[in-house]
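Undergrad: Residue numbers for the sequence shown follow the working numbering, beginning at 424 and rising by one.
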Amino acid sequence: MMMQEQIREEAGGKVLFDAALAGVDGDWFDPAFWRDRGALQVQGGGRGGVAMIDTPTGACVLRHYHRGGLVARFSRDRYLWTGEAHTRSFAEFRLLAHCAGLKLPAPEPVAARFCRHGVFYTADLITRRIDDARTLAQCLADGRLDADLARETGALVARFHREGIWHADLNAHNVLVTSEALYLIDFDRGRLRAPAEAWRLANLARLRRSLVKLGAIERIADFQAAIWGPLVYGYERTLGA
């Protein structure tokens, strides 16, 4: 069943949320709102601007969109306005809702917001929290990345690719591993694409570069045969299923 959207007008912007929820407004995107209620669990710094919050709908993750790279020196969290549907938060919310409709393992969207600032805007997103999870990068660092986990990772990516879902930043930090399932997270700038081998292979190559950058070749003897081969096998088997 596809999620039903609802949009609330706020001063200077709009809030998009799951119509099944009640009471969602601009306050939900302010960490201080949750802190005052004893519902702010963790607030991290860095580029992600992530806070763990306990909401009336359950445990969630609040993320303020921040720029990375050189452009962050000039504009830390403001993006050029090109229309409501193109805001980072609304686009990611809707892509995640699409994933949920397909029963793909990704965070479930709860609410998204943008605030206009002249020709720029800022954005925020709230998703349901995936508990008791480790990133694939952490698994590698802890010596837990083996052929079985590699195959599962390949199968995970293939499930999204099979539906034409392109992840803009497919790396080992954006694969979550729990005792029951694997998930892809952080779909900022992701989008639906027509089936094509070129973008699928480029997406996989990005994941491989991430693992190599994290020292997989040095940590794992014969990385190509022990890890990457099984990962590609799991990917191809699932993609063709």
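Cβ atoms here follow ideal geometry from the backbone N, Cα and C, with glycine treated the same way.
Under the criterion of a Cβ to heavy atom distance below 7 Å, does Gly446 qualify as lining the ligand FMN?
TA: The ligand FMN is not part of this structure, which contains no ligands at all.
Undergrad: Work out the CA separation of Gln647 and Arg486 for me, nearest whole Å.
TA: Roughly 35 Å separates the two Cα atoms.
Undergrad: Please go through the same chain and pick out, in chain order, the residues whose beta-carbon is closer than 7 Å to the beta-carbon of Arg616, but skip the five residues on each side of it.
TA: Only Gly587, Trp589, Trp622 meet the Cβ criterion.
Undergrad: From which residue to which residue does the beta strand (DSSP E) around Arg476 run?
TA: At residue 476 the sequence reads Ile, which differs from the Arg that was named. Segment 473-478, the beta strand (DSSP E) holding Ile476.
Undergrad: Which partner residues of Gln427 appear in the DSSP bridge assignment?
TA: Note: Gln427 sits in no beta bridge, so no partner.
Undergrad: Give the single residue among Thr505, Val580, Glu603 whose Cα lies nearest to the Cα of Ala625.
TA: Checking every option, the nearest Cα to that of Ala625 belongs to Val580.
Undergrad: Looking at C-alpha atoms only, which residue of Pro653, Leu599, Glu641, Asn594 is the closest neighbour of Arg631?
TA: For the residues Pro653, Leu599, Glu641, Asn594, the minimum Cα distance to Arg631 belongs to Asn594.
Undergrad: What span of residues does the alpha helix (DSSP H) with Lys636 cover, start to end?
TA: Segment 620-636, the alpha helix (DSSP H) holding Lys636.
Undergrad: Would the beta-carbon of Gly613 fall within 8 Å of that of Ala591?
TA: A contact, by the Cβ cut-off of 8 Å.
Undergrad: Secondary structure at Ala564, three-state DSSP: helix, strand or coil?
TA: In the structure shown, Ala564 sits in a helix (DSSP, three-state: H, G or I).
Undergrad: Can you tell which of Leu662, Ser602, Glu428 has the C-alpha that lies nearest to the C-alpha of Asp554?
TA: Of Leu662, Ser602, Glu428, the residue nearest in Cα terms is Ser602.
Undergrad: Take Phe440 as the anchor and find which of Ser512, Arg629, Arg582 has the nearest alpha-carbon.
TA: Out of Ser512, Arg629, Arg582, Ser512 has the C-alpha closest to the C-alpha of Phe440.
Undergrad: In terms of residues, what are the limits of the beta strand (DSSP E) holding Arg511?
TA: Taken as a continuous stretch (DSSP letters only), Arg511 belongs to no beta strand (DSSP E), being part of the alpha helix (DSSP H) at 511-524.
Undergrad: Is it true that the CB of Arg490 sits closer than 8 Å to the CB of Phe543?
TA: Taking 8 Å as the Cβ cut-off, Phe543 and Arg490 do not qualify as a contacting pair.
Undergrad: When you compare the CB positions of His596 and Thr545, do they come within less than 8 Å of one another, or not?
TA: Contact flag unset, no.
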